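Novice:
Residue numbers (my numbering): 227 to 416.
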């Protein structure tokens, strides 16, 4: 069975506070755009950020954010506001200054999203992406110091699985009874 052929549910998972300033979650439907290998545009629901070797904000897997935010060397107090504005206190400074802004992207058709490894997604056509409206509730907002948990409710899924197994077993018994009746009917003709 091909796991990519299964449907994805992009509902919001619970947000769990971690307290780490480089953890970022999205409260809403948006995605963070990353630059993949070869310059392709990839989508990510957030997670742990890091500062890569070039000094840019990147996902934990090393892929840089499309926003291209460079963190000054020795900067402290990195902050990501709900609207995506990134500020930091540069070395030798006493006040925070804006170093960039992370934009959220929304997908017009979730059917056009292909899942990749590591929580990354690819959109078939760039026209399916729009910049999220940070003023609306559906566009989303950043929550620094938190991570998004799974949106799957395990008990509900187990109950659904058990119900499907019972339905399959009942249908198999009906087919088996039909086969037995056909065998009896065929035996009467002789």
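Yeah, the Cβ is synthetic: ideal placement off N, Cα and C, and Gly gets one too. All figures in this text were calculated on a predicted structure; none of them were measured in a lab.
1) Quick check on the burial criterion: 16 or more other C-beta atoms within 10 angstroms. Buried or exposed for residue 372?
2) Give the straight-line distance between the Cα atoms of residue 327 and residue 314, rounded to the nearest whole angstrom.
3) Spatial neighbours of residue 344 within its chain, please: C-beta separation below 6 Å, excluding the five flanking residues on both sides.
4) Run the CB neighbour count on residue 410, radius 10 Å, all protein chains shown included, and call it buried at 16 or more, exposed below.
5) Is the Cβ-Cβ distance between residue 341 and residue 349 less than 8 Å?
6) Given 8 Å as the limit, is there contact between the region 247-254 and the region 264-272, that is, 3 or more CB pairs closer than that?
7) So the candidates are 245, 295, 380, 244; which of them puts its Cα closest to the Cα of residue 259?
8) Would you identify the three-state DSSP class for residue 238, choosing helix, strand or coil?
9) Quick one: what's got a C-beta closer than 6 Å to residue 368's C-beta in the same chain, skipping five residues either side?
10) Indicate whether residue 357 and residue 331 have their beta-carbon atoms separated by less than 8 Å.
11) Assuming the contact rule is C-beta atoms closer than 8 Å, residue 265 and residue 289 should be a hit. Round their C-beta distance to whole Å, please.
12) For residue 330, which of helix, strand or coil comes out of DSSP?
13) What would DSSP say about residue 340, mapped onto helix, strand or coil?
14) With DSSP as the reference, label residue 381 as helix, strand or coil.
15) Look at residue 316 and residue 298 and say whether their C-beta atoms are less than 8 Å apart.
16) Please state the DSSP three-state secondary structure of residue 289.
Specialist: Quick look at the numbers:
1) Translated into the one-based positions of the chain shown, residue 372 becomes position 146. By the 10 Å Cβ count, residue 372 comes out buried.
2) For the purposes of this step, residue 327 is taken as the residue at position 101 of the chain shown. For the purposes of this step, residue 314 is taken as the residue at position 88 of the chain shown. If you take the alpha carbons of residue 327 and residue 314, they lie about 12 Å apart.
3) Indexing the chain shown from 1 puts residue 344 at position 118. Excluding positions up to five away in sequence, the list reads 287.
4) Walking along the chain shown from the start, residue 410 turns up at place 184. When all chains shown are included, residue 410 counts as exposed.
5) As a working note, residue 341 is residue 115 in the chain shown. As a working note, residue 349 is residue 123 in the chain shown. Cβ distance not < 8 Å, so residue 341 and residue 349 don't count as in contact.
6) yes
7) Here residue 259 is taken as the residue at index 33 of the chain shown, counted from 1. When each option's Cα is compared against that of residue 259, the closest is 295.
8) Position 12 of the chain shown, counted from the start, is the residue given in the question as residue 238. Coil.
9) What you label residue 368 is simply residue 142 of the chain shown in a count that begins at 1. Excluding positions up to five away in sequence, the list reads 250, 306, 308, 310.
10) Counted from its first residue, the chain shown places residue 357 at position 131. Counted from its first residue, the chain shown places residue 331 at position 105. The answer is yes: Cβ separation under 8 Å.
11) Here the question's residue 265 lines up with position 39 in the chain shown. Here the question's residue 289 lines up with position 63 in the chain shown. Contact flag wrong, Cβ pair sits at about 11 Å.
12) Position 104 of the chain shown, counted from the start, is the residue given in the question as residue 330. Strand, per DSSP.
13) Taking the chain shown and counting its residues from 1, one reaches residue 340 at position 114. It is a strand residue.
14) Stepping through the chain shown from its first residue, residue 381 is reached at position 155. Here residue 381 sits in helix by DSSP.
15) Counted from its first residue, the chain shown places residue 316 at position 90. Counted from its first residue, the chain shown places residue 298 at position 72. Taking 8 Å as the Cβ cut-off, residue 316 and residue 298 qualify as a contacting pair.
16) Stepping through the chain shown from its first residue, residue 289 is reached at position 63. Residue 289: coil per DSSP, three-state reduction.
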